[in-house]
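Here the sequence shown is numbered in full-length UniProt numbering, starting from 1 and rising by one per residue. Contents: one structure, followed by commentary.
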Amino acid sequence: MLELFVSAFTTLFLVIDPPGCAPIYAGLTANASARQGRAMALRASVIATLILVGFALFGEQLLGSLHIALDSFRIAGGIMLFLIALDMVFEKRTQRREERAEKIRATPEVEDVSVFPMAMPMIAGPGSIASVMLLMARAQGTEQTLVILAALLAVMLLTFLALIGARPLIRLLGDRVEAVITRLLGVLLAALAVQFVIDGLRSALTG
1 MLELFVSAFT TLFLVIDPPG CAPIYAGLTA NASARQGRAM ALRASVIATL ILVGFALFGE
61 QLLGSLHIAL DSFRIAGGIM LFLIALDMVF EKRTQRREER AEKIRATPEV EDVSVFPMAM
121 PMIAGPGSIA SVMLLMARAQ GTEQTLVILA ALLAVMLLTF LALIGARPLI RLLGDRVEAV
181 ITRLLGVLLA ALAVQFVIDG LRSALTG
């Protein structure tokens, strides 16, 4: 069970990318007070958690209602994650997040960023939704399901802590260190994405 927890935690951590969300959140809440910043961080984390848990528990039924085979979703999810990994390695993902943040900052009437863009699509985006559904598809029995949900909750707790400590964290790490970490995480995510595709193809061909 420990191996499953580590695997699920690693996958979700790489996709959700709490260290990558932190600088964007810090920029979006630059003019907010410390209390407002904590409140928005909490709301964003809770909303994103509810979305991901919902897809984890009921995503497979949704696929069934749409007549989508699980192997097809596994392959498509792997390809999607691989594209995200490429963006991380070549710094495109961070660039798009910053552009989205600039648009939000340019709209004065938008103050609460907890739902958009933080909860969705930055935390509970297509990649994280696909990842949690793929992980749940591997779970066999209630115990493994609970292990994966525990890994998800652990990642979301770290995400909340990263948002809370976003401003001092950015000052501590600096832009260069953040870029290096993002690229390393991107390489690991690419390997995980390829494994998802291989698993999906193997299951489809042998099934």
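Using N, Cα and C, we set each Cβ at its ideal position, and we do this for glycine too.
With the rule of 3 Cβ pairs closer than 8 Å, the segment 178 to 194 does not count as touching the segment 42 to 59. Relative to the Cα of Leu149, the nearest Cα in the group Glu60, Gly37, Val132 belongs to Val132.
Excluding sequence positions up to five before and after Gly59, its CB lies within less than 8 Å of the CB of Ile129, Val132, Met133, Met136, all in the same chain and listed in chain order. Relative to the Cα of Phe196, the nearest Cα in the group Glu143, Val147, Phe5, Ile75 belongs to Ile75.
Residues of the same chain with a CB within less than 8 Å of the CB of Val115, apart from the 5 flanking positions on each side, are Arg43, Ala44, Ile47 in chain order.
According to the DSSP assignment, Leu62 belongs to the alpha helix (DSSP H) that extends over 34 to 65. Annotation: Gln140 is outside any alpha helix (DSSP H) and is labelled neither H nor E by DSSP.
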